[in-house]
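Engineer: So the protein sequences, as listed, match chains S and R.
Residues in the first sequence are numbered consecutively from 15, following the numbering used here.
Residues in the second sequence are numbered consecutively from 97, following the numbering used here.
Don't be surprised by glycine CBs; every beta carbon is placed ideally from N, CA and C.
Quantities reported herein were computed from a predicted structural model and do not represent experimental measurements.
The structure's right below; bear with me while I get my questions together.
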Amino acid sequence: MFIIVVGGGKLGTYLTRALMEARHEVVVIEKSEAKAQALAQNLNSEIAQVGDGCDPLVLEEAGAARADVVIADTGDDEDNLAICLVTKKRFAKPRTIARVNNPKNKQIFEELGIDSVVSGTEIVMNMVAQEVNRSRT
Amino acid sequence: MARKRPLDLSIRSSETSMKYLIVGCGRVGSTLAKRLARAGHEVTVVDENSASFRRLGRDFPGKMVLGTGIDIDVMRRAGVEEADGVATCTEGDNRNIMAALIAKKHFKVKSVVARIYDPARAAMYRDFGVLTICPTTVGAHLMSNALLQEPYRKLPYERHDVEVIEFVVGDALAGRTVDQLTIPGKTRVSVVVRNETSLIPTGDLRVQPGDRVVAIVEPSAETEYRALISPALAAR
């Protein structure tokens, strides 16, 4: 699959490496030039583009029109929402996946039509709850 | 002949107090909040930074809520469920659109307006049912108007199903009545500015050279209207 990852921080770097190892074609859009360079060095590959992933032109340059999936995984929920809304509005093909940092935003993102919403906080909290239950029984 | 027709705009008197929620207490947010409060409305302002509330002044009668507008619990605490209208004017376009969408789609607030600096995004988000104000476009428009001094120009107005047009009366059409400068049902002269005084005209007011006329025009009738008033344009 052809996947665009917007946000090249720590999560973006590990995610991109995993996707590459699974033989997917990946392009990363990262706002900060320093972060984009670090990511390219880390992954030993020139797949990072410097730009604002909320800008339709930047997404188009990255190939959003033919992408199967666009993943918004920056640290700011408002940016992740904008990235997915712009993608949905401008490009028919890609499925949108958003990371939410504030778990309360999961429902909002789903209401606004984002295809998949992942909350790291929620996943860990669920695991903790399971552990609590297990230790009770 | 002066036709009397009831205005379609229902202007609320300040007796009917409304509840408004403003997200972002910067220069625009605080000015808007003070303005709405002065008009007698119940105003709540949300900002992440308590120092921003100082912009409201000591005698601000409204409520101040500390927190971010992109959190449903903060919005609830600020009374979004009872709000008649929400305006989002933080420094970030994405934050403004997200807070506006939360108000519009999640809490079903009737009128929601967001400030969006990026003209491309402002146009796109309009399709999501949120009214967007783009200070970039409005500012550029006003400044180009100020520089160009065109005899015929469109004034910025956020609706797209009506145009607001201003033109300067030249010698050719001097003496015509306001009714003669009107296409019934499609245009209406709202104001005639004469010697820096704004006149709300009746249909029989006769325009004079140098008058600035402000008219509201249905977009489909603009060409017809331009043809009607073109001799009235000041020759420059």
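At the level of alpha carbons, what is the spacing between residue 119 (chain R) and residue 115 (chain S)?
Structural biologist: When the Cα atoms are used, residue 119 (chain R) and residue 115 (chain S) turn out to be separated by approximately 20 Å.
Engineer: Taking 9 Å as the threshold (beta carbon to beta carbon), is residue 125 (chain S) in contact with chain R?
Structural biologist: yes
Engineer: Just the chain R side, please: which residues come within less than 7 Å of residue 92 (chain S) by C-beta, in chain order?
Structural biologist: 166, 188, 190, 191, 194
Engineer: Report the residues of the segment 56–81 of chain S with a CB closer than 9 Å to any CB of chain R, ordered along the chain.
Structural biologist: Answer set for the segment 56–81 of chain S: 68, 69, 70, 71.
Engineer: According to the Cβ coordinates, are residue 225 (chain R) and residue 186 (chain R) closer than 9 Å?
Structural biologist: no
Engineer: Could you check what DSSP says for residue 160 (chain R) in three-state terms: helix, strand or coil?
Structural biologist: strand
Engineer: According to DSSP, what are the bridge partners of residue 143 (chain R)?
Structural biologist: R:162
Engineer: Opposite residue 115 (chain R) in the DSSP bridges: which residues?
Structural biologist: Paired residues: R:138.
Engineer: Assuming residue 123 (chain S) is part of the alpha helix (DSSP H), what are its boundary residues?
Structural biologist: 119–125
Engineer: Let me know if residue 256 (chain R) comes out buried or exposed under the rule of 16 or more other beta-carbons within 10 Å of its beta-carbon.
Structural biologist: It is exposed - the Cβ of residue 256 (chain R) has fewer than 16 other Cβ atoms within 10 Å.
Engineer: Starting from the beta carbon of residue 197 (chain R), find every residue of chain S whose beta carbon is closer than 7 Å, and list them in chain order.
Structural biologist: 126
Engineer: Once you ignore the five residues that flank residue 284 (chain R) on each side, which residues in its own chain have a CB closer than 7 Å to its CB?
Structural biologist: For residue 284 (chain R), the CB contacts under 7 Å within the same chain, skipping 5 residues up- and downstream, are 278, 311, 312 in chain order.
Engineer: Compare the beta carbon distance of residue 87 (chain S) and residue 21 (chain S) with 9 Å and say whether it is the shorter of the two.
Structural biologist: The answer is yes: Cβ separation under 9 Å.
Engineer: Taking only the alpha-carbon atoms, compute the straight-line gap between residue 55 (chain S) and residue 136 (chain R) and give it to the nearest angstrom.
Structural biologist: A direct Cα-Cα distance of roughly 59 Å separates residue 55 (chain S) from residue 136 (chain R).
Engineer: Hey, would you say the C-beta of residue 166 (chain R) is under 8 Å away from at least one heavy atom of the ligand MG?
Structural biologist: You won't find the ligand MG in this model; it holds no ligand whatsoever.
Engineer: Can you list, in chain order, the residues of its chain whose CB lies under 8 Å from that of residue 128 (chain R), leaving out five sequence neighbours each side?
Structural biologist: 118, 183, 185.
Engineer: Please determine if the segment 100–111 of chain S and the segment 64–75 of chain S are in contact, where contact requires at least 3 C-beta pairs separated by less than 8 Å.
Structural biologist: yes
Engineer: With distance defined between alpha-carbon atoms, name the residue in S:49, S:95, S:29, S:48 nearest to residue 40 (chain S).
Structural biologist: S:29
Engineer: Could you tell me which chain S residues have their CB closer than 8 Å to the CB of residue 179 (chain R), listed as they occur along the chain?
Structural biologist: Those do not exist, as residue 179 (chain R) stays about 17 Å from chain S at its closest Cβ, beyond 8 Å.
Engineer: Give the interface partners of residue 201 (chain R) over in chain S, defined as CB-CB distance under 7 Å, in chain order.
Structural biologist: Residues of chain S passing the Cβ test: 125, 126.
Engineer: Any idea what DSSP makes of residue 294 (chain R), helix, strand or coil?
Structural biologist: strand
Engineer: By the three-class DSSP mapping on this structure, what secondary structure does residue 301 (chain R) have?
Structural biologist: coil
Engineer: Going by C-alpha distance, which of R:217, R:262, R:114, R:165 is nearest residue 307 (chain R)?
Structural biologist: R:262
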